[in-house]
Amino acid sequence: MGQGLGRTRSVGLRGVAGFVVDVEAHVATGLPGFAISGLGDSAVKQSADRIKAAAALIEKMPVSQRRVTVNLSPAGERKIGTAFDLAIFVAVAAALRIVPDGVVRDVVHIGEVGLDGTVRAVSGVLPLVRAASLVGVRHVVVPVANAGEARLVAGVQVHPVGMVTELVERYRALGRGRAVEEVPVPERPAPQPEAVRDLSEVVGQADAKLALEIAAAGGHHLLFAGPPGAGKTMLAERLPGLLPPLDEAESMEVTAIHSVLGALGSGEDVRLISRPPFVAPHHGASQAAVIGGGSGRIRPGAITQAHRGVLFLDETPEFDKSVLQSLRTPLERGTVSIARANETVTFPARFQLVLAANPCPCGNGWGKGLDCTCTPLMRRTYFGKLSGPLLDRVDLQVHVQPPGLSMAGVGSGEPTAVVARRVAAARDAQGERWRSVLVRRRSANADVPGSVLRGRPWRLPPGATATLDRSLETGALSLRGYDRTLRCAWTIADLTGLVRPDREQVDLALSLRHRAGVAA
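Residues in the sequence shown are numbered consecutively from -18, following this note's numbering.
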């Protein structure tokens, strides 16, 4: 067994999207060595040691006594992680004629190989298998723990594997034309659906509930300002329950992101995420944690984890100012690009932003503020982090009233299910109206360009926009704020069943931009 060439396939990850990698292995006599080319990171380079240890378990696979060269093609594309281990092992086995090269050449292999020959789970299997299916791959070998996740992709036959010795025996049997049995995947209890937090649990707060319903119906960003204990967090946590469920394409997109982050778990019963996610990072989170990035491997941040869902920033003025300013571009584009010297990765980031802020650092600066201990400079610095350009991108800004005795006898209000039905009807009306204008699936009013709303046939009559036009003329409102107010007015009209907004809806939308009393 002097020398030989073996080939198989694997998949790499670029952001949250995969790309197919051809794995080539050349084994020759000479000075022993194991080299891996193709821009692999340190985890890829260290796979040589793991594979040599696992190969010692296979009879007549003397990897440590041969000169092995592995190439991961395209060689100019950066490869990250341990998911290439299994493909490299199989390619080397094919080069040594341990397994038939013709059987493994068109099969994609994904998984980390342990020193004892176990095939261990890796993160991001869903987007990896999905990328393989898009280029016509029909057979994928994955770790047993990732089998349920991989089977979420239609049109691909998934073969789970627990040990490299088992895989070698199966390939040898296939090479002789024999049938093989699949490795069983242990069943786990089906996950219980996450309970939706009901809006009826929030007592009072009519204005805040109205703003929450408008935000859900039109996809608008929202700011709650008010004293501690007023219910800002309770309101924000109930927004995902008002939003429509994700469609099939959105579910696959969101589940792929959570797969990359390793947040799907393992087992046979992994399911697509069907509800909009709710992500609430701590106010001490770094810019890389919120926006994305990191040293070495570029990972998605909280804004990508909240894609198609809600990003809630509690105690917003306590966040680092650079983190808040970094939100401005993703809010406009729906994506975030992380640039490094050797690569640029773009992540999806189309989310609804919900901000919550106290009236001052001590939290007692509401009403007459007799108990407030903050100096004017402290208050100015506190709200200075909420810059004008950031607030200008927040459509609804409302004050959450402090709890009082007047709320003691107030009823529970409407449950989430009732409000969600109105939201769904409003979303259906928007989708029908903007079908010829926007190409995005299930478009909401928040997605409509301002030029469309200000042009024919959607421009509102001067009588309806008189107050709004005056605010623009006096400089109290920017053109971006003008357009965002129009979008909110259309959403209010959709919730009330009107064909188009009149002056009452426009004035209400304008007032909801300033009820928080927050000035940058």
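Cβ atoms here follow ideal geometry from the backbone N, Cα and C, with glycine treated the same way.
From a predicted model like this one, the values you see are computed outputs, not experimental measurements.
Secondary structure of Val89 (DSSP, three-state): strand. Note that the C-beta distance between His90 and Val118 is not below 8 angstroms. Sequence-distant Cβ neighbours of Val149 in its own chain, meaning closer than 8 angstroms and more than five residues away, are Ile39, Ala74, Ile79 and Val80. Taking C-beta separations shorter than 6 angstroms and ignoring five residues to either side along the sequence, the partners of Ala36 in its chain run Met42 and Val44, following chain order. With respect to Ala197, Val404 sits close: the two C-beta atoms are nearer than 8 angstroms.
Considering only Val184, Asp82 and Met215, the residue with the shortest C-alpha distance to Arg157 is Asp82. Here the alpha carbon of Pro357 sits roughly 43 angstroms from the alpha carbon of Arg408.
In the DSSP assignment, Val317 falls outside any alpha helix (DSSP H) and lies within the beta strand (DSSP E) extending over Thr316 to Ala320. Proximity to Ala261 across Thr455, Glu454, Ala287 and Arg111 peaks at Ala287, based on C-alpha coordinates. A distance below 7 angstroms between beta-carbons, with the five flanking residues on each side excluded, links Ala237 to the following residues of its chain, in chain order: Val(-3), Leu107, Pro108 and Arg111.
For Glu194, there is no enclosing beta strand (DSSP E); the residue is part of the alpha helix (DSSP H) that begins and ends at Ala187 to Gly199. In the structure shown, the three-state DSSP call for Ala160 is coil.
The residue among Ile61, Gly(-13), Ser492 and Pro396 with its C-alpha nearest the C-alpha of Ser28 is Ile61. Short of 7 angstroms from the beta carbon of Gly346, and not among the five residues preceding or following it, lie these beta carbons of its own chain, in chain order: Pro340, Cys353, Cys355 and Arg360. Annotated three-state conformation of Leu220 is helix, per DSSP.
Under the criterion of beta carbons closer than 8 angstroms, Val480 and Leu449 do not qualify as touching, at roughly 19 angstroms.
In the displayed model, Phe65 falls within coil according to three-state DSSP, outside both helix and strand. Residue pairing by DSSP puts Met144 in a beta bridge opposite Thr99. Beta-bridge annotation (DSSP): Gln333 is paired with Val291.
For Leu12, the number of other beta carbons within 10 angstroms of its own is below 16, and it is reported as exposed. The beta-carbon separation of Phe328 and Phe293, rounded to 19 angstroms, does not stay under the 8 angstroms limit for a contact. Per DSSP, Ser368 has no beta-bridge partner at all.
In the structure shown, the three-state DSSP call for Gly83 is helix. In this structure, Ala283 places its C-beta atom within 8 angstroms of the C-beta atom of Ala266. The shortest CA-to-CA distance from Gln378 to any of Ala330, Asp188 and Pro226 is the one to Asp188. Just so you know, the alpha carbons of Leu441 and Pro482 end up roughly 8 angstroms apart. Counting along the chain, Pro108 sits inside the alpha helix (DSSP H) bounded by residues Val106 to Leu115.
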